[in-house]
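Everything on this sheet refers to the single structure shown next.
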Amino acid sequence: MRFQLISIFPEFFDVLRISLVGKAAQNGILSWIATDLRDFTDDPHRTVDDTPYGGGAGMVMRADIWGKAIDRALENCDLDAGESAGRAPKDPENPEVTGQSAPLEAQSPRRAKTVLAVPTPSGHPLTQAKVRELAEAKNIIVACGRYEGIDARVVAHYREVPNVEVFEYSLGDYVLNGGEMAAVALVEAVGRLLEGMVGNPESLVEESFEGSGLLEYPSYTRPSQWRNLEVPEILLGGNHAKIEEWRRTQALGRTARMRPELLEHLDAAKLSKTEREILAGWGWIYLPSLVPGDSAAAVSGHNATRQTEVAGGANGVAPCSCVAQRVVIRKPKRGEALALSALGSETFPLACPSYITPAEIEEFTEVEFNLETVKARLKDPEHHRYLVAEIGGELVGYTYVIVGLDEAEAQRAGITPGDAYLSKCYVRESLRGLGLSGALLEAALAELDSTMAVSLGTSIYNKRAQKFYRRHGFKKIGAREFVVGGRVNQDVVMRRLRPDSIGTS
1 MRFQLISIFP EFFDVLRISL VGKAAQNGIL SWIATDLRDF TDDPHRTVDD TPYGGGAGMV
61 MRADIWGKAI DRALENCDLD AGESAGRAPK DPENPEVTGQ SAPLEAQSPR RAKTVLAVPT
121 PSGHPLTQAK VRELAEAKNI IVACGRYEGI DARVVAHYRE VPNVEVFEYS LGDYVLNGGE
181 MAAVALVEAV GRLLEGMVGN PESLVEESFE GSGLLEYPSY TRPSQWRNLE VPEILLGGNH
241 AKIEEWRRTQ ALGRTARMRP ELLEHLDAAK LSKTEREILA GWGWIYLPSL VPGDSAAAVS
301 GHNATRQTEV AGGANGVAPC SCVAQRVVIR KPKRGEALAL SALGSETFPL ACPSYITPAE
361 IEEFTEVEFN LETVKARLKD PEHHRYLVAE IGGELVGYTY VIVGLDEAEA QRAGITPGDA
421 YLSKCYVRES LRGLGLSGAL LEAALAELDS TMAVSLGTSI YNKRAQKFYR RHGFKKIGAR
481 EFVVGGRVNQ DVVMRRLRPD SIGTS
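The numbering of the sequence shown is full-length UniProt numbering, which starts it at 1 and goes up by one.
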């Protein structure tokens, strides 16, 4: 891999002599030439810029000077011999700044194209994906502009030159005095992907943006306690499976907090149930889509049967069938009583055994989800605690927890007196299995006092619900009768001692 760095400050690149980049150059893994742009001028003042056509502030770097420099760099790309790793005193007969020769690497075939990289605030963001692509090139020329930038005709011209790939790039949404810093960043980012650059190649896989596409998990080392801050206990136990699970969870959370836009491109097919729930809790859900970019049916509940089939992959979602959507979990507004009532009536039948008739379900929902009843509950949030999930302005799921039941009420509900009562936890059928139910559940329980146990009841025939609650730390403690439309049903009663005792098995 050969870099040719063109700048009016070639000495800037002396920094590349140190650390791993310098060692890689000594070992022939990569090489670079730092070239002074002013050596291609023909006036006594070595002028490389001029005033902009059309007026305006600043100076623009001249196309004719840059053309000479880049043409020379392209000629160098045809040389068989390696170039130097660094700078040496200028040779008056050769305007390139060179040092001791170093052979080019020959470990693997590389792209024949030469990349002309141009740092500019208006360029494409430099991403790890692009860096991996650039690491396959054999020659990279970096044109470091200054002032108001390089005459636009330079980029336009070299885009038409055969075997030259122009890449205008930016380090971020800010402006520097020149492209040299961006050039150094490019050399290091690309260079460290070359074979032999980094001692342990596995460390590259776990880094931010690599492998999973997530930010890297937090790291810790000795001492185990520092200024009253301790290393997470799970890292000290030696359970490598649990440690990997913890690191994955941390990476998901860190990405959701710091770089949520990266989650839009996450491979949902590789997510576990717990990971989906974590991401839904952070505001991201991956909806199955019949047509690329179309997730409206999943949200609205249309084509629910087909959506479930699409979402039937190994982890709940078939590869390449999902669209990332933002989801908001929040407390409902009083004005949403009608929507909440309708959602309750829509989703309650999903948990009913097949023998319960539509008439019996309707009789129950007309009372339980009566609009005035829901309004009254929303006016008493201390005892009647709702959370709702919203996607695209539409309510798609909810939880309902009752706090402060007296002994008689607890007995009628079949729960332990003093416990919070998880009465409802529902999402639309088309959203089941996507992590939203778990995110809603954990968010609802996090609202409770940390010492408060939680009880619930679910049909003895609803094995899916029982499995779901077990995964979230609930254990079966008994049974109860539950009446729907005059029909007596048998429920299991389950309990979780603490809201923060999350089950992740």
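The beta-carbon is built from N, C-alpha and C at its ideal position, and this holds for glycine as well. Nothing here was measured: the structure is a model prediction, and the numbers come from that model.
Asked                                                                                                                                                                     : Found
Using the rule of at least 16 other Cβ atoms within 10 Å of the residue's Cβ for burial, across every protein chain shown, is H302 buried or exposed?                     : Low per-residue confidence applies at H302: pLDDT is 37, beneath 50, and the placement is therefore not dependable enough to give any value.
V454: buried (16+ other C-beta within 10 angstroms of its C-beta) or exposed?                                                                                             : buried
Is M59 helix, strand or coil when you go by DSSP?                                                                                                                         : coil
Using a Cβ-Cβ cut-off of 8 Å (strictly less than) and excluding sequence neighbours within five positions of P381, which residues of its own chain qualify?               : K331
Grouping DSSP H, G and I as helix and E and B as strand, with all else coil, what is S430?                                                                                : helix
Checking 8 Å against the spacing of the C-beta atoms, do residue 543 and V115 come in under that value?                                                                   : Given a span of 1 to 505 for the chain in the structure shown, any question on residue 543 remains unanswerable.
Suppose the cutoff is 6 Å on Cβ atoms and the five residues either side in sequence are ignored; what does the same chain contact list for K130 look like?                : none
Specify whether the segment 248–257 and the segment 279–291 touch according to this definition: at least 3 beta carbon pairs, one from each stretch, less than 8 Å apart. : yes
Between the alpha carbons of G473 and E429, how many angstroms are there, rounded?                                                                                        : 23 Å
When burial is assigned at 16 or more other CB atoms within 10 Å of the CB, is W66 buried or exposed?                                                                     : buried
Considering W246, what are the terminal residues of the alpha helix (DSSP H) in which it resides?                                                                         : 240–258
What residues in its chain sit with their C-beta under 7 Å from that of K242, if we drop five residues either side in the sequence?                                       : I234
Helix, strand or coil: which one does DSSP assign to M181?                                                                                                                : helix
Closer than 6 Å by C-beta to N139: which residues in its own chain qualify, once you throw out the five before and the five after it? Chain order, please.                : R2, C77, T114
What separation, rounded to the nearest whole angstrom, lies between the Cα atoms of P121 and V166?                                                                       : 15 Å
Is the separation between the beta-carbon of V323 and that of L287 shorter than 8 Å?                                                                                      : yes
Quick check on residue 547: does DSSP put it in helix, strand or coil?                                                                                                    : The structure shown does not extend to residue 547, since the chain spans only 1 to 505, so no value can be given for it.
Using beta-carbon positions only, say whether I487 and G457 come within less than 8 Å of one another.                                                                     : The amino acid at residue 487 is misidentified as Ile; the sequence shows Arg. No, the Cβ-Cβ distance between R487 and G457 is not below 8 Å.
If we ignore side chains and look at the alpha-carbon of each, how far apart do L434 and A143 end up?                                                                     : 47 Å
Residues bridged to E360 by DSSP?                                                                                                                                         : BP columns for E360 are empty, so no partner.
Distance check for R247 and L30, CA to CA, integer angstroms please.                                                                                                      : 33 Å
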